[in-house]
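As numbered in this note's numbering, residues 1 to 140 make up the sequence shown, in order.
Structure record follows, encoded as structure tokens.
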Amino acid sequence: MYRVKAVWNRGLQFVGMSESGHAIVMDTKSELGGFESAATPVETTLLGLCGCTGMDVVSILKKKRVEFDDFEVAVEAEKSPQPPNYFTRIELVFRIWGANVSEAALQRSIELSSDKYCTVTGTLRGKAEVTYRYEINPER
């Protein structure tokens with residue numbers, strides 16, 4: 001079981017506290033009553049997705065002894081127009097840099113994260129179409 005909490009600070013700013021003792025600040029646009037001082041809760045959800053699947057993929061690639069210089073995960077997402085404005089489409093974009101990155105190893109690592117390991121992907125897939133693409137670059 002996970003236990004986290006969000007404590008109101010001021011305006012619409014909240015400080016999220018994790019069970020492991022780490023904190024993140026969340027805020028929103030000034031026209032909604034925020035200070036625009038931090039990522040929104042919706043953005044932190046997508047950031048959590050990037051982090052979760054990114055950690056999976058990097059871990060799997062390292063176990064496969066795939067050498068690479070840099071790696072990032074980006075997300076492009078769309079929400080429904082009606083409240084509660086849940087995500088309808090999420091596309092993950094995996095970018096990796098390295099001279100000899102195996103495309104097959106990268107694709108398999110992404111598939112394992114998507115289909116087996118990433119809790120956030122599995123949770124969001126319940127409402128949204130989650131797809132991915134990847135880019136292999138020789139150097140940054």
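Even for Gly, the Cβ is constructed at its ideal location relative to N, Cα and C.
Quantities reported herein were computed from a predicted structural model and do not represent experimental measurements.
Residue i - DSSP class collapsed to helix/strand/coil
{"i": "residue 70", "result": "strand"}
{"i": "residue 19", "result": "coil"}
{"i": "residue 149", "result": "No information on residue 149 is available, as it lies outside the stretch 1 to 140 that the chain covers here."}
{"i": "residue 5", "result": "strand"}
{"i": "residue 29", "result": "coil"}
{"i": "residue 12", "result": "coil"}
{"i": "residue 132", "result": "strand"}
{"i": "residue 104", "result": "helix"}
{"i": "residue 36", "result": "coil"}
Own chain residues within Cβ distance below 7 Å of residue i, not counting five before or after
{"i": "residue 105", "result": "61, 64, 66"}
{"i": "residue 29", "result": "36"}
Cβ-Cβ distance between residue i and residue j below 7 Å
{"i": "residue 133", "j": "residue 70", "result": "no"}
{"i": "residue 44", "j": "residue 26", "result": "yes"}
{"i": "residue 11", "j": "residue 34", "result": "yes"}
Close-in-space but distant-in-sequence residues of the same chain around residue i (CB under 8 Å, 5 per side omitted)
{"i": "residue 129", "result": "88, 89, 90"}
(request) Flag this pair as touching only if the stretch 15-23 and the stretch 77-93 have three or more C-beta atom pairs under 8 Å; answer yes or no. (result) no
(message) Pairs of beta-carbons, one from the stretch 108-121 and one from the stretch 68-83, closer than 8 Å: are there three or more?
(response) no
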